[in-house]
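Going left to right, the sequence shown walks through residues 1 to 95 as the numbering used here numbers them.
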Amino acid sequence: MLEEGQLRLLDTDTSIVIPVDTHIRFIVTANDVIHSFAVPSLGIKIDATPGRLNQVSTLIQRTGVYYGQCSELCGVNHALMPIKIDCVPINEFIE
1 MLEEGQLRLL
11 DTDTSIVIPV
21 DTHIRFIVTA
31 NDVIHSFAVP
41 SLGIKIDATP
51 GRLNQVSTLI
61 QRTGVYYGQC
71 SELCGVNHAL
81 MPIKIDCVPI
91 NEFIE
């Protein structure tokens, strides 16, 4: 797991904030070309396909910041599609 801000090309302006020890379901799609939502340290990789809803479930048991990126060559800005997931304790998530 990377420390927050360790790799500037994977850092984002916003992040997905989710609680730990909670079953989470990601439902993904795309509006232009095929993308692939991937966060290797969480074992998540799912294709985002135009006109289709794909889903993946996960249970994250450790707090921290997890980084990923689009893993499908999708166009000119492919390298600029990072993903940042911030896993926090449930009481912090509720606040």
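Ideal Cβ positions, reconstructed from N, Cα and C, are used throughout, including at glycine.
In this text the structure is predicted, and so the values were computed from the model without any measurement.
- Within the stretch 62 to 88, the complete beta strand (DSSP E) segments of 3 residues or longer fall at 64 to 70, 82 to 88, listed in chain order.
- In this structure, residue 12 sits near residue 82, with a CB-CB distance shorter than 9 angstroms.
- In terms of CA proximity to residue 36, 69 leads the group 80, 69, 84, 93.
- Note that the C-beta distance between residue 94 and residue 16 is not below 9 angstroms.
- Sorting 89, 71, 60 by C-alpha distance to the C-alpha of residue 38 places 71 at the top.
- When the beta-carbon positions are compared, residue 53 and residue 24 stay at least 9 angstroms from each other.
- For residue 33, the number of other beta carbons within 10 angstroms of its own is below 16, and it is reported as exposed.
- Ranked by Cα distance from residue 89, the options 18, 74, 30 are led by 18.
- Note on geometry: alpha-carbon atoms of residue 63 and residue 92 lie some 11 angstroms from one another.
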